[in-house]
Structure formats: C-alpha cells, structure tokens
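Here's the structure, in structure tokens; my notes come after.
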Amino acid sequence: MISLENFLELPTERIADLVRQKEEKVVVFPINGTRRWFMFEHGEKEYPDPILAYMDISTTRHIELYKLFFDHGVGTLLTPVIGQEILETRDAYMEKIGQEGLSRLASHPEMLAFYNKYDVKVRFYGEYKKYLYNTTYQSLISLFEQVEEKTKNNKSFRLFFGA
C-alpha cells in the first residue's frame, strides 16, 4: 500500500491509472451551496449583472470540477441538478437561474466544447420530464434531448444530470 505522502506526490496520470485498476469508477456528485460559494469567493466584487456573473463563473467552475474527476480516473459522474426547489421557488432569481442555468448544461458553448474535447456522453436521468412538463421550464426537455443526441457517440466519459 502506498503512503499518503507518496500518493500526494504522484502525477495525475498515475493517480488515474490507480483509480481505474480494478473497475470503472462511478461518482455521485451532488451540487449544492454554489450561491454561498459564489458570495464567499466573489461577493465583494461589483458586477453589472450579478446573476449572470454567478452563472458564468459557476459554469466555468463546474467544468473544472468535472475535468478534475475525469482526469483522476472517474469514468462516470452522476450529478443531480434538477431539484424540486428550483421548480417550486418562484422569485426572479430562481426563475432566471432555473431556466438559464439549467439550459447551460445543454447549450452553453463552454459546456459543449468540454463535452467535445473530453468525449463526454451526456444523459439526463430521473423523472425530470415529469417535473418540467407544463412548467416555465418545459423548453429544457428538448434542449436536453438535443445534447444527448449530439453526444450519443462519445465514449470516453459519461456525465448524467438528473432529478
């Protein structure tokens, strides 16, 4: 068994090899607290549109985290992102974050470039269609289906977003 000190000195590629040795690794990565993180990290800055700044910075950070997992040997990420709280909260902030933020998973240029570069197959799971149908978020269903179609032949990694 390798010591913690030696493990921490290993290059990323070697860590990925160790992680992949026995079987494919699947990680559940729930995302919560991103508004608190944003305020802690970026709250002192003045943005013309703080909600847009939050979404832009969060999109970049999510991609960095997904790359971190994939680079270190994880083959599949399950990421619950479509929560009831998004659909039930009806203030202006959540309306914008819900619609625009979730649509970024399927249409934002940075996300699409990441899926392409990392050869990521994107899938949405759970009862999200039931949750989104007949709501202001219904258009997300077709966006999600489009990105699934675009990435269906990608084979290196799998990223599942869901409810």
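Residues in the sequence shown are numbered from -9 upward in steps of one, following my numbering. Where is the CB? At the ideal position from N, CA and C, for every residue including glycine. Please read these numbers as outputs of a predicted model, since none were measured by experiment.
Here the alpha carbon of A96 sits roughly 29 Å from the alpha carbon of E3. The alpha carbon of I5 has as its nearest neighbour, out of D109, D39, T49, L58, the alpha carbon of L58. Just measuring C-alpha positions, the residue of K145, Y37, E90, K140 sitting nearest Y127 is E90.
Per DSSP, P70 is not a residue of any alpha helix (DSSP H); the beta strand (DSSP E) it occupies stretches across 66 to 70. For Y115, the uninterrupted beta strand (DSSP E) segment begins and ends at 110 to 115. The continuous stretches of beta strand (DSSP E) do not include F28, which lies in the alpha helix (DSSP H) extending over residues 24 to 32. In the structure shown, the three-state DSSP call for G152 is strand. For D46, the uninterrupted alpha helix (DSSP H) segment begins and ends at 40 to 61.
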